[in-house]
Amino acid sequence: MSVHSAFEVAMPGVSPGVYDAADFQAISEIAHREVGIVLPPGKAMLVYSRLAPLVRDSGCQTFAAYVMRIREDTAERTRAICALTTNHTFFYRESHHFEHFAREIRPRLIEQLERGGRVRMWSAGCSSGEEVWSLVMTLLGPDRNAGLQLARRDIRVLASDIATHAITKAQAARYRQEDLNPVPEPLRRAWTVPDGAEATIAPEAQALLRFRHLNLLGDWPMAGTFDVIFCRNVMIYFDTPTKERLVARFAEKLPPGGHLYIGHSERVTGPALGTLANTGPTIYERRAA
Ligand SMILES: C[S@@+](CC[C@H](N)C(=O)[O-])C[C@H]1O[C@@H](n2cnc3c(N)ncnc32)[C@H](O)[C@@H]1O
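Under the UniProt record's numbering, the sequence shown has 21 at position 21, and the numbering climbs by one with no breaks.
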């Protein structure tokens, strides 16, 4: 069976006059070049279902016409890329990372703050914010008064993503109460404000955050290093060279003793292994220079 007829079999109900293998190929190439996301042939239907509403709204009659549009129109290309991102996330995901952070890293960061130093953390690929809010609540801790003292010190947390719709949700800091269930109850009590079926993150915690639309493959305008970087379940969509380049850049953004947390199915390979030591399940520490 030719590539094209195999594609048609995999796309029941979709007219090849509207969307075909060449369109999928062109969209895959754009996604890979722009944001590193690899779309294997098995994702053809997913690409169709995510982009079909945009194709319709753009007034294009076919995906081929839409491909031409996104090649030329940066704003439309950004919309298409956002629609192709997978933003699945939840509070306290891979809870062992937050437990490790609370046990091994937080005491050192508190000492650093109490000595008049600063703390910088980054959730790279933060999606709709559940990861970074979990991290901030864990840093501030279960004792609200002690956490308020900490929050007055020099703490800045960066949360970045390529998907603008996800950042908007993260920044709103408002979630369904049931979504917060995985967060340990003392942290929830200290750092969320219930409002009916929903809850918002406490304003003192929100004040520590900076949100940024940032393509991890592009330039990073942030000066300085981060004590902790979370980049979890982002690199699973990238190919090995892209992952290795990215992890090497993260390593450069960590001071000696700084930590990188990655997703449960990911691991560090390549040049960054020279500077990052694996100190726990999907947890890496920057070695002393
Ligand atoms: C599955 S979510 C992971 C969210 C969170 N880190 C977690 O583990 O629950 C992956 C996120 O990575 C973002 N992403 C993918 N490629 C990116 C890139 N090149 N630059 C920045 N963010 C990207 C997506 O928009 C998406 O929100």
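Cβ atoms here follow ideal geometry from the backbone N, Cα and C, with glycine treated the same way.
Keep in mind that this is a model prediction, so the values were computed, not measured.
Same chain only: Cβ atoms within 6 Å of residue i, ignoring 5 sequence neighbours per side
i: F250; result: I229, L260
Cβ-based neighbour list, residue i, same chain, cut-off 7 Å, excluding 5 preceding and 5 following
i: G224; result: R120
i: S265; result: I236
i: H96; result: P281
Closer than 7 Å: residue i CB and nearest ligand 1 heavy atom
i: I105; result: no
i: C60; result: no
i: Y92; result: no
i: E131; result: yes
i: V38; result: no
i: N78; result: Strictly speaking, residue 78 in this sequence is Thr, with Asn absent from that position. Checking every heavy atom of ligand 1 against the Cβ of T78, none is found closer than 7 Å.
i: D161; result: yes
i: V14; result: no
Simplified DSSP assignment, three categories, for residue i
i: E285; result: strand
i: A166; result: helix
i: S127; result: coil
i: M222; result: coil
i: F90; result: coil
i: F98; result: helix
i: C82; result: helix
i: R120; result: strand
i: F7; result: helix
i: V136; result: helix
Residue span of the beta strand (DSSP E) that contains residue i, given as start and end
i: Y261; result: 259–262
i: A199; result: 198–201
i: A277; result: 276–280
i: Y175; result: 174–176
i: P194; result: 192–195
Own chain partners of residue i with C-beta closer than 8 Å, once the 5 adjacent residues on each side are dropped
i: G117; result: D154
Assumed close pair residue i, residue j - CB separation to whole angstroms, cut-off 8 Å
i: R50; j: A83; result: 5 Å
i: A199; j: Q177; result: 5 Å
i: A159; j: V132; result: 4 Å
i: V247; j: G270; result: 7 Å
i: A65; j: A44; result: 18 Å between Cβ atoms; not a contact.
i: S134; j: D161; result: About 15 Å; that fails the 8 Å criterion.
i: R212; j: L254; result: Wrong, their Cβ atoms sit about 18 Å apart, outside the cutoff.
Range covered by the alpha helix (DSSP H) that runs through residue i
i: M68; result: 63–72
i: H32; result: 21–35
i: I155; result: No alpha helix (DSSP H) contains I155, which is instead part of the beta strand (DSSP E) from 154–161.
i: L254; result: No alpha helix (DSSP H) holds L254; DSSP gives it neither H nor E.
i: P53; result: 44–58
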